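Enquirer: The structure's right below; bear with me while I get my questions together.
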Amino acid sequence: MERRYLLGNEAIAHACLESGVDFVSGYPGTPSSEVIDALRARPDRSYYVEWSVNEKVALENALAAAWCGIRALCTMKHVGLNVAADPLMTSAYTGVTGGLVIMSADDPFAHSSQNEQDTRCYAHFARVLCLDPASVQEAHDMIKPAFELSEEFGLPVLFRPTTRICHSKGDVELGPAVPGLRKGEFHKDPRQYVVIPAHTRVLHKKLNEKQPAIRKRLVGAGFNRFEIRGKTAVIAGGIGASYVQELLPAGVSFMKIGAYPIDEEWLGDFVRKHEKVLVVEELAPEIEETVRQVAGCVPVFGKKNGYAPYEGELSPQVVAAILEKAGFLKNPFLPAEPVPGLPPRPPILCAGCLHRGAFYAIKKVFRDAIYPSDIGCYTLGLQLGVVDTTICMGASITVASGIAHSGETRDVVCTIGDSTFLHTGIQGLINAVYNGADMTVVILDNRITAMTGHQPNPNTGATACGIETPPVSLDAVCRACGVRFVETVDPYDITGMVNVLQEAKKRKGVRVVIARQMCVISARRAGVKRGRYIVDPETCTGCGTCVRFGCPAIEFEDEKARINELCSGCAICAQLCPVGAIVREGKR
Amino acid sequence: MSGSFDILIVGIGGQGTILASNILGEACLIEGRHVKGAETHGMAQRGGSVESHIRIDGRYGPLIAPGQVDLLISFDLLEALRYSHYLRKGGRIVVNSHLVLPTSVYTQKLPAPTEDEIVKALKKYDLCLLDADRIANEAGSPLSQNVVMLGAASGWMPLKPATLLESVRRLVPRKTVEINTKAFEMGREAGGTG
Chain E
20 MERRYLLGNE AIAHACLESG VDFVSGYPGT PSSEVIDALR ARPDRSYYVE WSVNEKVALE
80 NALAAAWCGI RALCTMKHVG LNVAADPLMT SAYTGVTGGL VIMSADDPFA HSSQNEQDTR
140 CYAHFARVLC LDPASVQEAH DMIKPAFELS EEFGLPVLFR PTTRICHSKG DVELGPAVPG
200 LRKGEFHKDP RQYVVIPAHT RVLHKKLNEK QPAIRKRLVG AGFNRFEIRG KTAVIAGGIG
260 ASYVQELLPA GVSFMKIGAY PIDEEWLGDF VRKHEKVLVV EELAPEIEET VRQVAGCVPV
320 FGKKNGYAPY EGELSPQVVA AILEKAGFLK NPFLPAEPVP GLPPRPPILC AGCLHRGAFY
380 AIKKVFRDAI YPSDIGCYTL GLQLGVVDTT ICMGASITVA SGIAHSGETR DVVCTIGDST
440 FLHTGIQGLI NAVYNGADMT VVILDNRITA MTGHQPNPNT GATACGIETP PVSLDAVCRA
500 CGVRFVETVD PYDITGMVNV LQEAKKRKGV RVVIARQMCV ISARRAGVKR GRYIVDPETC
560 TGCGTCVRFG CPAIEFEDEK ARINELCSGC AICAQLCPVG AIVREGKR
Chain W
554 MSGSFDILIV GIGGQGTILA SNILGEACLI EGRHVKGAET HGMAQRGGSV ESHIRIDGRY
614 GPLIAPGQVD LLISFDLLEA LRYSHYLRKG GRIVVNSHLV LPTSVYTQKL PAPTEDEIVK
674 ALKKYDLCLL DADRIANEAG SPLSQNVVML GAASGWMPLK PATLLESVRR LVPRKTVEIN
734 TKAFEMGREA GGTG
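Listed below in structure tokens is the structure:
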């Protein structure tokens with residue numbers, strides 16, 4: 020036994036090693052990415068690991084591996100499960116032979132996400148098991164049983180940590196790593212793996228027949244447990260259980276739920292021993308709905324009657340307020356309000372980020388246009404007024420073509436990153452070309468999946484494990500989709516990019532401009548040194564052109580611009596300055 | 554309530570708050586104590602305001618409620634004020650006197666408090682203000698600013714200075730052990746001891 024201070028995702032990755040995982044796939048997405056990042060970084064790998072191009076692809080790969088009898092892990096964020104929902108739903112019918120654990124990390128409060136959906140609802144929908152940890156230690160401790168339960172019932176298991184598990188840290192007790200040495204072998208069985216109607220009807224029945232045994236089995240698994248201490252009770256799930264335990268007064272019974280489906284008989288016995296029950300859980304009222312089914316005349320407090328919020332994440336102060344409202348305690352926290360009126364410090368595109376240059380050029384050429392965009396660092400282009408829509412991965416090109424066909428007369432210029440383009444952008448491009456949309460697509464190509472922590476993708480030229488691969492040619496892909504105007508530009512060269520966009524503006528049909536430049540963080544790590552730029556205060560007229568560019572390296576002091584130490588030498592501001600006051604340090 | 558000693562480290566993405574919280578976590582392991590923490594990853598790291606919660610002897614959730622923090626360590630003057638409501642009554646605040654204004658102040662001409670106004674507002678707490686950037690440079694590298702801050706706050710933590718120093722030495726890059734050791738000691742001198 021070893022005790023280490025680990026990030027939740029690192030603890031989960033270590034537990035996969037302890038479970039002898041054989042196959043790992045996934046698509047990066049906050050807060051899930053560090054599990055594969057930890058697994059791919061190990062030099063002593065005895066398992067296969069890949070970053071897949073999207074979650075559907077990742078899950079189908081992992082499912083096939085599990086069909087071959089080996090243990091497979093597939094990771095993604097909650098919205099990635101929407102992309103993978105198609106194989107998920109039917110994988111519950113086909114089942115698995117090797118353990119398949121699908122980690123879908125939820126993000127209450129949408130710290131880094133487009134919505135607050137709840138993976139537990141998918142488990143319910145697909146009729147598969149779901150494990151929901153309350154702490155980093157429990158996240159670690161659930162992984163091995165997750166593989167075992169998957170093998171026992173021949174079903175995929177959804178593992179649902181949340182941001183405050185994945186990105187929390189704790190002292191974690193670890194077990195020894197076990198090498199994954201199983202060798203996969205596919206046993207042909209069309210009745211299991213070919214879901215034609217005649218087969219799938221039988222498989223659906225089998226899935227439903229498994230349910231009572233699953234519920235009974237989970238009672239004994241130890242993730243759902245209770246302590247009777249009084250006439251009233253709190254039932255809590257996930258990390259909410261940790262907050263409740265910190266605050267719960269003596270004399271109140273406590274039940275913790277960490278595994279689904281919940282056995283109604285077991286739950287009902289507990290609930291009916293009490294005079295009132297409060298349910299505390301993040302996001303959907305998944306536990307609460309089951310409690311209400313079994314409560315009889317015991318009053319239930321929760322989201323459905325306004326005692327707890329549906330939205331956002333729980334925290335000690337939110338849980339204290341819920342407990343007080345439901346009459347369980349007096350809120351121990353005094354009100355503490357932040358100092359009002361401080362300027363916010365939201366995340367911002369880095370100094371020297373290629374996206375800022377690309378957005379500047381787009382705005383200069385297409386002044387009055389509609390700008391659909393996508394998911395990535397460049398969504399921060401919102402601050403620059405060049406992001407009008409963002410829905411989900413790949414929805415820049417499709418939204419652009421929809422607007423272009425709607426009768427809207429303004430130009431439509433959408434932006435999408437290289438990883439997102441490869442994830443679900445290509446289909447939209449084929450569709451737009453096929454159906455004759457009139458629009459411009461700018462692919463922001465930094466050759467990496469930057470926002471989630473610089474994971475490689477097929478455009479990078481290396482696999483998850485650093486093995487060199489031929490990078491995909493975005494130019495050739497676009498041309499193969501039927502795009503006639505495809506130009507690659509350097510977004511650090513503002514004049515060059517403006518010229519190409521002006522050319523694109525004159526054309527009809529779908530035009531693609533690939534704005535290619537290394538992510539400034541990757542460049543720094545690779546040792547690229549461009550030299551810094553400075554403002555000559557004698558020449559600077561204080562016009563503010565450079566400041567409006569929005570680069571965090573440019574400050575404004577005493578009516579003059581000043582460049583701080585964040586400067587990475589992209590030189591775009593030097594191209595924008597109307598009086599030539601910005602020069603390379605050491606020159607002139 | 555929980556019996557934990559609750560520390561909040563705040564700053565700007567890229568200033569090294571995560572390494573600082575790792576050093577505290579490792580120090581807890583060395584002393585055989587439980588510890589819980591929570592931090593900001595992903596989109597929020599791109600130059601935005603970041604926070605790390607560390608609960609020494611923590612056994613429950615990783616988050617600290619506003620008004621409950623025992624020790625607030627801020628790598629930036631403005632961020633100190635932004636998170637000051639997290640401090641409990643009588644809590645200590647250790648602040649780097651360096652101020653980085655958010656880009657929004659320049660691009661949207663938003664009003665921002667001056668350094669003097671911030672320091673005045675922070676004086677209602679048990680304030681320790683130090684120029685960690687200068688001290689880090691003197692120690693040998695501006696990057697050791699986070700370790701300077703830990704040194705300055707070390708007198709108010711329920712962890713032995715020797716343990717903290719051992720943890721620093723374990724976690725910083727090998728080439729920088731000497732600089733960071735010096736940074737810790739110089740920070741400790743600047744912060745005084747409780």
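Protein chains in written order, with my numbering: chain E, 20 to 607; chain W, 554 to 747.
C-beta atoms are modelled at their ideal positions from N, C-alpha and C, and glycine is treated no differently.
Predicted, not measured: the structure shown is a model, and the values here were computed from it.
Where does the unbroken beta strand (DSSP E) through TYR67 of chain E begin, and where does it stop?
Expert: Per DSSP, TYR67 of chain E belongs to the beta strand (DSSP E) from 67-70.
Enquirer: Quick one, are the C-beta atoms of ILE607 of chain W and LEU717 of chain W less than 8 Å apart?
Expert: Not a contact, by the Cβ cut-off of 8 Å.
Enquirer: Just the C-alpha distance for SER187 of chain E and SER154 of chain E, rounded to the nearest angstrom, thanks.
Expert: In a straight line, the C-alpha of SER187 of chain E is about 8 Å away from that of SER154 of chain E.
Enquirer: Is it right to say LEU200 of chain E is buried, meaning 16 or more other beta carbons lie within 10 angstroms of its own, or is it exposed?
Expert: Exposed is the call here.
Enquirer: Flag this pair as yes or no: are the beta carbons of ALA111 of chain E and LEU226 of chain E separated by less than 8 Å?
Expert: Their beta carbons are under 8 Å apart, which means ALA111 of chain E touches LEU226 of chain E by this criterion.
Enquirer: Quick one: is TYR678 of chain W near chain E, going by C-beta distance under 8 Å?
Expert: Not closer than 8 Å to any Cβ of chain E, the Cβ of TYR678 of chain W fails to qualify, so no.
Enquirer: Using the Cβ count rule (16 or more neighbours within 10 Å means buried), how would you classify ILE381 of chain E?
Expert: Buried, since its Cβ has 16 or more Cβ neighbours within 10 Å.
Enquirer: Whole angstroms are fine: how far does the CA of GLU632 of chain W sit from the CA of VAL603 of chain W?
Expert: Approximately 9 Å, taken between the alpha carbons.
Enquirer: Roughly how many whole angstroms lie between the Cα atoms of ALA303 of chain E and HIS143 of chain E?
Expert: Near 12 Å, if we compare the C-alpha coordinates of HIS143 of chain E and ALA303 of chain E.
Enquirer: Looking at C-beta atoms only, is the number of pairs between the stretch 38-51 of chain E and the stretch 81-90 of chain E that lie closer than 8 Å three or more?
Expert: Yes, the stretch 38-51 of chain E touches the stretch 81-90 of chain E.
Enquirer: Identify every residue that forms a DSSP beta bridge with GLY48 of chain E.
Expert: DSSP output for GLY48 of chain E lists no bridge partner at all.
Enquirer: Ordered along the chain, which non-local residues of its own chain (more than five positions away) have a Cβ less than 6 Å from that of GLN336 of chain E?
Expert: Taken in chain order, the residues that qualify are PHE352.
Enquirer: For THR109 of chain E, does the three-state DSSP call read helix, strand or coil?
Expert: Helix, per DSSP.
Enquirer: Give the range of the beta strand (DSSP E) segment to which GLU79 of chain E is assigned.
Expert: No beta strand (DSSP E) contains GLU79 of chain E, which is instead part of the alpha helix (DSSP H) from 74-86.
Enquirer: Would HIS442 of chain E pass as an interface residue toward chain A - the criterion being a Cβ-Cβ separation below 8 Å?
Expert: Of the chains in the structure shown, none is chain A; the protein chains are E and W.
Enquirer: If contact means a Cβ-Cβ distance below 8 Å, which residues of the stretch 571-584 of chain W contact chain E?
Expert: Against chain E - using a Cβ distance shorter than 8 Å - the residues of the stretch 571-584 of chain W are SER574, ASN575, GLY578, GLU579, CYS581, LEU582.
Enquirer: Could you check if PRO619 of chain W is buried or exposed, using at least 16 other CB atoms within 10 Å of its CB as the buried criterion?
Expert: Result: buried.
Enquirer: Hey, does CYS369 of chain E have any beta-carbon neighbour from chain W nearer than 8 Å?
Expert: So yes, CYS369 of chain E belongs to the interface.
Enquirer: What do you get for ILE486 of chain E, buried or exposed, if any count of 16 or more other CB atoms within 10 angstroms of its CB means buried?
Expert: Looking at its Cβ environment, which holds fewer than 16 other Cβ atoms inside 10 Å, ILE486 of chain E is exposed.
Enquirer: Note down the Cα distance separating LEU361 of chain E from MET739 of chain W, rounded to an integer number of angstroms.
Expert: For LEU361 of chain E and MET739 of chain W, the distance between alpha carbons rounds to 32 Å.
Enquirer: Can you tell me whether HIS594 of chain W is buried or exposed? The criterion is at least 16 other CB atoms within 10 Å of its CB, across all chains shown.
Expert: Buried, because 16 or more other Cβ atoms sit within 10 Å of the Cβ of HIS594 of chain W.
Enquirer: Within the 8 Å Cβ cut-off, does LYS322 of chain E reach chain W?
Expert: Not an interface residue.
Enquirer: Which word fits ASP288 of chain E, buried or exposed, when buried means at least 16 other C-beta atoms lie within 10 angstroms of its C-beta?
Expert: Exposed is the call here.
Enquirer: In chain E, which residues lie less than 9 Å from SER650 of chain W when you measure between Cβ atoms?
Expert: Simply none; closest approach about 17 Å.
Enquirer: Would DSSP call MET161 of chain E helix, strand or coil?
Expert: Note: MET161 of chain E maps to helix in three-state DSSP.
Enquirer: DSSP state of ARG551 of chain E, grouped into three classes?
Expert: The answer is coil: DSSP assigns ARG551 of chain E none of H, G, I, E or B.
Enquirer: Taking the CB atoms as reference points, tell me whether ILE582 of chain E and VAL554 of chain E lie closer together than 8 Å.
Expert: Their beta carbons are under 8 Å apart, which means ILE582 of chain E touches VAL554 of chain E by this criterion.
Enquirer: So, does the CB of PRO363 of chain E fall closer than 8 Å to a CB anywhere in chain W?
Expert: Yes, because at least one Cβ of chain W sits closer than 8 Å to the Cβ of PRO363 of chain E.
Enquirer: So, with DSSP's three-state summary, where would you put ARG723 of chain W?
Expert: If DSSP states are grouped into helix, strand and coil, ARG723 of chain W belongs with the helices.
Enquirer: Starting from THR398 of chain E and walking both ways along the alpha helix (DSSP H), at which residues does that stretch end?
Expert: Neither: THR398 of chain E is in no alpha helix (DSSP H) and is coded neither H nor E.
Enquirer: For the stretch 339-366 of chain E, list every residue whose C-beta sits within 8 Å of some C-beta in chain W, in sequence order.
Expert: Listed by position along the chain: ALA339, PRO351, PHE352, LEU353, PRO354, ALA355, GLU356, PRO357, VAL358, GLY360, LEU361, PRO362, PRO363, ARG364, PRO365, PRO366.
Enquirer: Find the residues of chain E that neighbour ILE565 of chain W, judging by a C-beta separation of less than 9 Å, and give them in chain order.
Expert: Those are ARG364, listed as they occur along chain E.
Enquirer: For the alpha helix (DSSP H) holding LEU58 of chain E, just list the boundary residues, first then last.
Expert: Taken as a continuous stretch (DSSP letters only), the alpha helix (DSSP H) holding LEU58 of chain E covers 53-60.
Enquirer: Please name the residue in E:ALA542, E:TYR390, E:SER438, E:GLY194 whose C-alpha comes closest to that of CYS396 of chain E.
Expert: It is E:SER438 whose Cα lies nearest to the Cα of CYS396 of chain E.
Enquirer: For THR564 of chain E and chain W, any beta-carbon pair shorter than 8 Å?
Expert: No, THR564 of chain E does not count as interfacial toward chain W.
Enquirer: Applying a beta-carbon distance threshold of less than 7 Å, which residues of chain E neighbour ARG741 of chain W?
Expert: Near ARG741 of chain W there are no residues of chain E at all, since even the closest Cβ is about 22 Å away, more than 7 Å.
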